[in-house]
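Asker: For the sequence shown, the working numbering assigns the number 1297 to the initial residue and increments by one for each residue that follows.
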Amino acid sequence: MTYIVNDACIACKYTDCVEVCPVDCFYEGENMLVIHPDECIDCGVCEPECPADAIRPDTEPDMEKWVEFNRKYSELWPVIITKKEPLPEAEERDGEEGKLEKYFSEAPGEGG
1297 MTYIVNDACI ACKYTDCVEV CPVDCFYEGE NMLVIHPDEC IDCGVCEPEC PADAIRPDTE
1357 PDMEKWVEFN RKYSELWPVI ITKKEPLPEA EERDGEEGKL EKYFSEAPGE GG
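1) What ranges does the alpha helix (DSSP H) occupy inside the region 1334 to 1398, keeping only unbroken runs of at least 4 residues that lie completely in it?
2) Is residue 1330 helix, strand or coil when you go by DSSP?
3) Consult DSSP for residue 1314 and reduce its assignment to one of helix, strand or coil.
4) Tell whether a beta-carbon distance below 7 Å holds between residue 1301 and residue 1337.
5) Which whole-angstrom value is the C-beta distance of residue 1327 and residue 1351, which I expect to be below 8 Å?
6) Distance, Cα to Cα, residue 1315 vs residue 1374?
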């Protein structure tokens, strides 16, 4: 099992989760984070840290696409281990539907 980040993170990018991760398996895109599924040790400490409820176990229904999504971008984006400020529009976008189609950017973040 692994944890994944889903589209609830897009346009919010809270980074509370990265500070508690014992194996540094979060990777930063321009407007979201992902978890490398092969590096995640399934400890679950990140899940309750996410204010947007964007971190889910891959055992939930229909998570296969998110495992592959997280794998793809974790191999393209830099690792992030330091908490940063959320995106300016985070509160406004939190809970919004259809964020993958509306806002997702494939561009990498800064990492760090």
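The beta carbon of each residue, even a glycine, is placed where N, CA and C say it ideally should be.
Quantities reported herein were computed from a predicted structural model and do not represent experimental measurements.
Answerer: Considering the structure as presented:
1) 1360 to 1370 and 1386 to 1389
2) strand
3) The answer is helix: DSSP assigns residue 1314 an H, G or I state.
4) no
5) That belief does not hold up - the Cβ atoms of residue 1327 and residue 1351 are roughly 16 Å apart, past 8 Å.
6) 15 Å
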